[in-house]
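Step one of this worksheet: look at the structure below.
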Amino acid sequence: MTCQSCANRIEKVLNKKTFVQQAGVNFAAEEAQVVFDSTQVSETEIVD
1 MTCQSCANRI EKVLNKKTFV QQAGVNFAAE EAQVVFDSTQ VSETEIVD
């Protein structure tokens, strides 16, 4: 991520995924938290 706008975009895209229950991206902390259905997707697949 290079700016707050990028963080917002990543959060928006993640939250549109059917397997994501909740996603939040913090640009200042350089981290993202994603709650997802592990029966539909793995953590590795989300990171990639």
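Read left to right, the sequence shown gives residues 1 to 48 (UniProt numbering).
All C-beta atoms, glycine included, are put in the ideal place defined by N, C-alpha and C.
What are the boundary residues of the beta strand (DSSP E) that residue i is part of?
{"i": "Gln-4", "result": "Element bounds for Gln-4: not the beta strand (DSSP E) but the alpha helix (DSSP H), 4-16."}
{"i": "Glu-30", "result": "Element bounds for Glu-30: n/a, residue is neither H nor E."}
Could you spell out where the alpha helix (DSSP H) holding residue i opens and where it closes?
{"i": "Thr-44", "result": "43-47"}
Kindly identify the DSSP beta-bridge partner or partners of residue i.
{"i": "Gln-22", "result": "Val-35"}
Report all residues from its chain with a CB closer than 6 Å to the CB of residue i; omit the five preceding and five following residues, and keep chain order.
{"i": "Val-25", "result": "Ala-7, Ile-10, Glu-11, Ala-32"}
Between which residues of its own chain and residue i is the CB-CB distance below 8 Å, once the five residues before and five after are set aside?
{"i": "Glu-30", "result": "Met-1"}
Please work out which residues of its chain come closer than 7 Å, Cβ to Cβ, to residue i, disregarding the five sequence neighbours upstream and downstream, and give them in chain order.
{"i": "Gln-40", "result": "Phe-19"}
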